[in-house]
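Peer 1: First the structure, which I've put down as structure tokens, then a few questions once you've had a look.
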Amino acid sequence: MFSDNQKISSRQLHTLLITDWLGKVVLLLPASFQGASAWTILAGTVAGFAASELFLCLAVSVADRGKRDFFFCVKERLCSWAALLLYLIYGVYFLCHGAIMLYLCGRIGGTYLLPETSGPLLIALPAIVGYYLARGGMEVRGRISELLAFLIWWAFLFLLLFALPGVRPHHLLAGGGIDAGGLMSFSAIVFASFGGVGALPLAFPQVVTEGGKQERAKSLRGAGGKALAMVAFVLIITFLIGYGLFGQEGMARLEWPVITVMSSTNLQGVFLQRWDVLLVGLLLFAMFLSAGTGIYYVSTAGETLGMKRKPAQCGAVALTYLLAVFLSRMDGQTVFTWYRRISFLICVPGMVLFVGILLLAERTRNHKRRADILDKKAGDFNDKNEAELDSLQSGIADMCDFSDRVHCPGTGGTPVSSGTGSGCEG
Amino acid sequence: MEKISRSMKENQVTVQLLCAGCDDIIVRPMRLGVKEQVDCLVVYIESAVSNMMLEDSVIGKLLNHLWELDEEEIRRAVEENGLGISDVKELETMEECMAALLAGNAIFFLDGYERALKIGSKGYPDMGVVKADSEKVLRGSKEAFSESAKVNTALVRKRIRTTDLKVEELFVGQQSNTLIALVYMENLAYPNLLAEIKERIGKVPIDSVLDSGIVEQLTADTWYSPFPQFQTTERPDRAAAAVLEGRILLLCDNTPVSLLLPTTMNSLLQTGDDYYGHFEIASLLRCLRYLAVFLAFSLPGLYLAVTGFHPQILPTNLILSMAQARRGVPFPAMVEVLLLEISFELMREAGLRMPGPIGDMIGIVGGLIIGQAAVTANLISPIIVIIDALTALGSFSIPNEELSEAFRLLKYGMIFLCGFFGLYGFVVGWLLLLIHLAGLRSFGIPYLMPFAAVGKDGISRWTDGLLRAPMRRLNRRPVYARRDRRKK
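Sequences listed follow chains Z and R, in order.
Once you know that position 327 of the first sequence is 484 in our numbering, the rest is easy, because the numbers rise by one and skip nothing.
Once you know that position 442 of the second sequence is 661 in our numbering, the rest is easy, because the numbers rise by one and skip nothing.
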């Protein structure tokens, strides 16, 4: 009655994005770039973050002009095939996202918590949670994130800070300055990791904001921007602490640096002995929710393509689960290579391309509309002038008619019909 | 709808036909008046109406007075209520008469008068206003609701003396015709919420409503959820406070437990005296209650997860002492936990059903003697007893019994998840619970408000949620109140 189903606030969007990105970014990014100096990575993160912010602004400006379903907006601006292609890209992106999150949950769970449990079973549990979450729709996802995002973020940050006493500053300074090639490639990876920004127009129609169009755009940009900044901040802290603890070479050898950072934490006088288990627990909360996001959007894409809700949801979870199980049979490095290829090299550039095309289309349409308006105004102006001229001429004709009823001095002609205002024949 | 006849005889025949076989219903014809006597008929349920001859009863006074009047004066007195009886109402149909009779009133018919009078009397026997039993407070009123909806509305009105407080009466149950009173503040409650509640109650397809719990189950948004979607209270002061927040109070006849709707989990974790004491203490107690929820739901599971899968979290000395305590116990930890939990549930159930002193004895016999014997016999480890006792303490510290029961039930799921999957299962269990709670709504209000779906207006989690702000800072009504009336 009070809560409008399937609508979220911009604050909830902000928290949703934090939970979506946090687990993936802190797990995958430190492992995906090894061998560069701390400064290169730091600068790369900042550059990638800035590019993501810019992309976010563009995505907001594309989406905000239509509060309807994004599919219909694209269809209206481009064509149905383009809309279908874009949704296919989204579908593949979120399928990969969901599958990699399920795979990561299984992998992390299997490595650090339950080494003897079978992989498919460990993947099935987050798939069930993801399905349950996706079934609840946007509203439930928003509420859960609102409840947990800050809790996870703060707890994560505190846990990382517990590792601070072991940091050796000389490790941070080692490895030289900023390498331009490394900077470029690392910023590209950071940008691609936040590639979900390009899919935000999908969620925007469901975000309720107060105020007019300007306020809405500002609110959406703010929600996305804050989430990006918070996750990037955690990422930077993770890097700095990891480098401070293990140095450049040590970091290069670690598969999951963020977890190893925690396992090396040893606080005096504290009851608990192993902090990495707690960190993994926290990460799992974020990753399960993120897997739910993937499943939700795959099912949404299915629904947009004409499937009914329940089969779409069941199909999405089954597809994501099977893909994750398939990935779990492969070597970790191969999985990440494939993930990067599909997600980072195909889907994210595809989204960037579409956002660009949509912006261009919108701009062209606006130009055309403006030209039409100008034409129309000019036409109106001419019509008005003609009408005024006519009325002036007829007035003169009337005057002539009234004075001698024979001669029309203004035109030199004879009045056609007196008093009707239709003018004089030349 | 059969109209009341002018003829006394016809009315008497109809009433006797309708009440045939009901020996507890007294149909008493009489002739009143001094000179020209007039036929009258009084119908009442024997034990629900005072003895007519008693001078202090309304009917006694009425009949005694009518006895001394002429026929015309009797009619005039009845028509104009010249006797000044407060609880009297004119009825026009036989159905109304029967409904009023079965509600515990006396019905008075007069020959030549085509209406009947409903005369309120003492009503059905009940326990009266007693001390609150299940929602005890250290500070504040000790009154509890009685089993009569009428008395209960009076108890609320006693606390909110304004005509903005409205009471609407409905009858539910095709056979039982149970009186349900909806109490609300007209200027605070959402009109569409009220309409929704009435619509849902109107749709209740049931023969009898013997307790408000039946209404609750039949009108809940999510019927399969174990979580209460209505708040129950037996305290009029709490009900009045809720009504002043814009919520709607549902009083059901024959039950001292009233329903407050809509509700949120936050409301269920508050107690009456949260607002009577200092905010620091109230905040501490609220935090403790949230901790109690954690313990009641997940402590046994967490124990299984840590000891069974991740003992490396704990200090070595603790692990060693735990291992020492478990030495010789023949069962796996999960079976041990389940055994003790089920034994505890049995003890609780037995203690509830037994009369007071015997119930206490069961606690002593079960908790102390059997527990001690089981530990001595190496059937269970002492640590499990501590864990279960802490879980039980958590469960009892949840102020709302229905909420506590929901967590008690779901705790078993958590035990299995953690028993099989350790911390991984713990995360799964908590997420499934939170997703379920996030999807719940009570008449449209999200269950997790103000922790999730919090609006810019209304209370926040820091002012009247996990903590309680000082009284002078509590200047906003929660989300239940109409948007334009949220500011106090």
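Where a beta carbon is used, it is the ideal one built from N, C-alpha and C, also for glycine.
Treat the numbers as computed from the prediction; the structure is a model and nothing was measured.
Just to make sure I have the definition right: I need the residues of chain R whose C-beta is within less than 8 Å of the C-beta of Z:G438. Which are they?
Peer 2: Near Z:G438 (Cβ distances below 8 Å), the residues of chain R are L642, F645, V646.
Peer 1: Going by beta-carbon coordinates alone, are R:E476 and R:T438 separated by less than 9 Å?
Peer 2: In the sequence on display, residue 476 of chain R carries Val and not Glu. No, the pair does not count as a contact, with Cβ atoms beyond the cut-off.
Peer 1: Using Cβ-Cβ distances below 9 Å, what residues of the stretch 289-307 of chain Z are close to chain R?
Peer 2: Cβ contacts with chain R come from Y289, L290, R292, G293, G294, E296, V297, R298, G299, R300, I301, S302, E303, L304, L305.
Peer 1: Relative to the C-alpha of Z:L305, which residue among Z:G379, Z:A320, Z:Q169 is closest?
Peer 2: That would be Z:Q169, whose Cα lies nearest to the Cα of Z:L305.
Peer 1: Does the CB of Z:F442 have a neighbour CB from chain R at under 9 Å?
Peer 2: Cβ-Cβ to chain R under 9 Å: yes for Z:F442.
Peer 1: Less than 8 Å between the CB atoms is what I'm expecting for R:C259 and R:F327, so what's the real figure, rounded?
Peer 2: With 8 Å as the limit, R:C259 and R:F327 qualify as a contact, their Cβ atoms being about 7 Å apart.
Peer 1: Just to make sure I have the definition right: I need the residues of chain R whose C-beta is within less than 8 Å of the C-beta of Z:V286. Which are they?
Peer 2: Ordered by position in chain R, the residues that pass the 8 Å Cβ test against Z:V286 are V647, L650, L651, I654.
Peer 1: Please confirm if Z:G451 has its CB atom under 9 Å from at least one CB of chain R.
Peer 2: Not closer than 9 Å to any Cβ of chain R, the Cβ of Z:G451 fails to qualify, so no.
Peer 1: Would you please state the rounded distance, in angstroms, between the beta carbons of R:I664 and R:P551? I believe it to be under 8 Å.
Peer 2: Between R:P551 and R:I664 the Cβ distance is about 43 Å, and since that is not below 8 Å, they are no contact.
Peer 1: What residues in the stretch 567-581 of chain R have a beta carbon less than 8 Å from any beta carbon of chain Z?
Peer 2: If the cut-off is 8 Å between Cβ atoms, the stretch 567-581 of chain R has nothing near chain Z.
Peer 1: Could you work out which residues of chain R lie near Z:L279, taking near to mean beta carbons separated by less than 9 Å?
Peer 2: Correct list: F640, Y643.
Peer 1: Measure the CB-CB distance between Z:T521 and Z:A256 and report whether it falls below 9 Å.
Peer 2: Not closer than 9 Å, so no.
Peer 1: Tell me the rounded alpha-carbon separation between R:E287 and R:L251.
Peer 2: Cα to Cα, the separation comes out at about 8 Å.
Peer 1: Out of Z:G438, Z:F483, Z:F403, Z:L186, state which residue places its alpha-carbon closest to the alpha-carbon of Z:P322.
Peer 2: Ranking Z:G438, Z:F483, Z:F403, Z:L186 by Cα distance to Z:P322 puts Z:F403 first.
Peer 1: Could you tell me the distance, in whole angstroms, from the CA atom of Z:F351 to the CA atom of Z:L385?
Peer 2: Each residue's alpha carbon lies about 8 Å from the other.
Peer 1: Along the chain, where does the alpha helix (DSSP H) that runs through Z:L215 open and close?
Peer 2: Element bounds for Z:L215: 195-220.
Peer 1: How about Z:C253 and Z:S500: are their beta carbons less than 9 Å apart?
Peer 2: In this structure, Z:S500 lies closer than 9 Å to Z:C253 by Cβ.
Peer 1: CB-CB under 8 Å to R:S395, same chain, minus the five flanking residues each way: which ones, in chain order?
Peer 2: Excluding sequence neighbours, R:S395 sits near D426, S427, V428, L429.
Peer 1: Scan the stretch 239-251 of chain Z for residues whose Cβ lies nearer than 7 Å to a Cβ of chain A and list them as they occur along the chain.
Peer 2: No chain A is part of this structure, whose protein chains are labelled Z and R.
Peer 1: How is the beta strand (DSSP E) around R:V261 delimited, first residue to last?
Peer 2: Segment 257-264, the beta strand (DSSP E) holding R:V261.
Peer 1: So which residues on chain R does Z:L282 lean against when the C-beta distance must stay under 8 Å?
Peer 2: Here the neighbours are F640, Y643, G644, V647.
Peer 1: Output the residue ranges of the beta strand (DSSP E) runs that lie fully inside the stretch 433-509 of chain R and measure 3 residues or longer, sorted by chain position.
Peer 2: As far as the stretch 433-509 of chain R is concerned, its whole beta strand (DSSP E) runs of at least 3 residues are 450-452, 467-471, 477-480.
Peer 1: Which residues mark the beginning and the end of the beta strand (DSSP E) in which R:F390 is found?
Peer 2: It spans 384-391 - the beta strand (DSSP E) in which R:F390 sits, taken as one unbroken run.
Peer 1: Using the C-alpha atoms, what's the distance from Z:G438 back to Z:L270?
Peer 2: Approximately 9 Å, taken between the alpha carbons.
Peer 1: Please determine if the stretch 322-339 of chain R and the stretch 454-466 of chain R are in contact, where contact requires at least 3 C-beta pairs separated by less than 8 Å.
Peer 2: The answer is no - the stretch 454-466 of chain R does not touch the stretch 322-339 of chain R, with fewer than three Cβ pairs under 8 Å.
Peer 1: If you reduce the DSSP assignment to three classes, tell me which class R:F662 lands in.
Peer 2: In this structure, R:F662 counts as coil in the three-state DSSP scheme.
Peer 1: What is the residue span of the alpha helix (DSSP H) that Z:I416 lies within?
Peer 2: Here the alpha helix (DSSP H) through Z:I416 covers 414-420.
Peer 1: By Cβ distance below 6 Å, which residues in the same chain neighbour Z:T417 in space, the five residues on each side in sequence not counted?
Peer 2: Excluding sequence neighbours, Z:T417 sits near L411.
Peer 1: Answer yes if the stretch 195-209 of chain Z comes into contact with the stretch 336-345 of chain Z, meaning at least three C-beta pairs across the two stretches below 8 Å, and no otherwise.
Peer 2: Contact holds: three or more Cβ-Cβ distances are below 8 Å.
Peer 1: Mark Z:S560 as exposed unless 16 or more other C-beta atoms lie within 10 angstroms of its C-beta, in which case mark it buried.
Peer 2: In this prediction, Z:S560 has a pLDDT of 48, which is less than 50 and means its spatial position is unreliable; what the coordinates show is noted afterwards. It is exposed - the Cβ of Z:S560 has fewer than 16 other Cβ atoms within 10 Å.
Peer 1: Just checking, does the stretch 688-695 of chain R make contact with the stretch 508-527 of chain R on the three C-beta pairs under 8 Å criterion?
Peer 2: Flag = no, the stretch 688-695 of chain R and the stretch 508-527 of chain R do not touch.
Peer 1: Against chain Z, does R:G252 count as a neighbour if the rule is that its beta carbon must be under 9 Å from one of theirs?
Peer 2: No, R:G252 lies away from the interface with chain Z (no Cβ there is under 9 Å from its Cβ).
Peer 1: Here's the rule: buried if 16 or more other CB atoms are within 10 angstroms of the residue's CB, otherwise exposed. What is R:E387?
Peer 2: Classification for R:E387: exposed.
Peer 1: According to the Cβ coordinates, are Z:P362 and Z:F227 closer than 9 Å?
Peer 2: Closer than 9 Å, so yes.
Peer 1: Is it buried or exposed for Z:N590, if we count other Cβ within 10 angstroms and need 16 for buried?
Peer 2: Summary: the structure shown does not reach residue 590 of chain Z, with chain Z confined to residues 158 through 583, and so no result is reported for it.
Peer 1: For the structure I just gave you, are there three or more beta carbon pairs, one from the stretch 387-396 of chain Z and one from the stretch 241-251 of chain Z, closer than 8 Å?
Peer 2: No contact exists between the stretch 387-396 of chain Z and the stretch 241-251 of chain Z.
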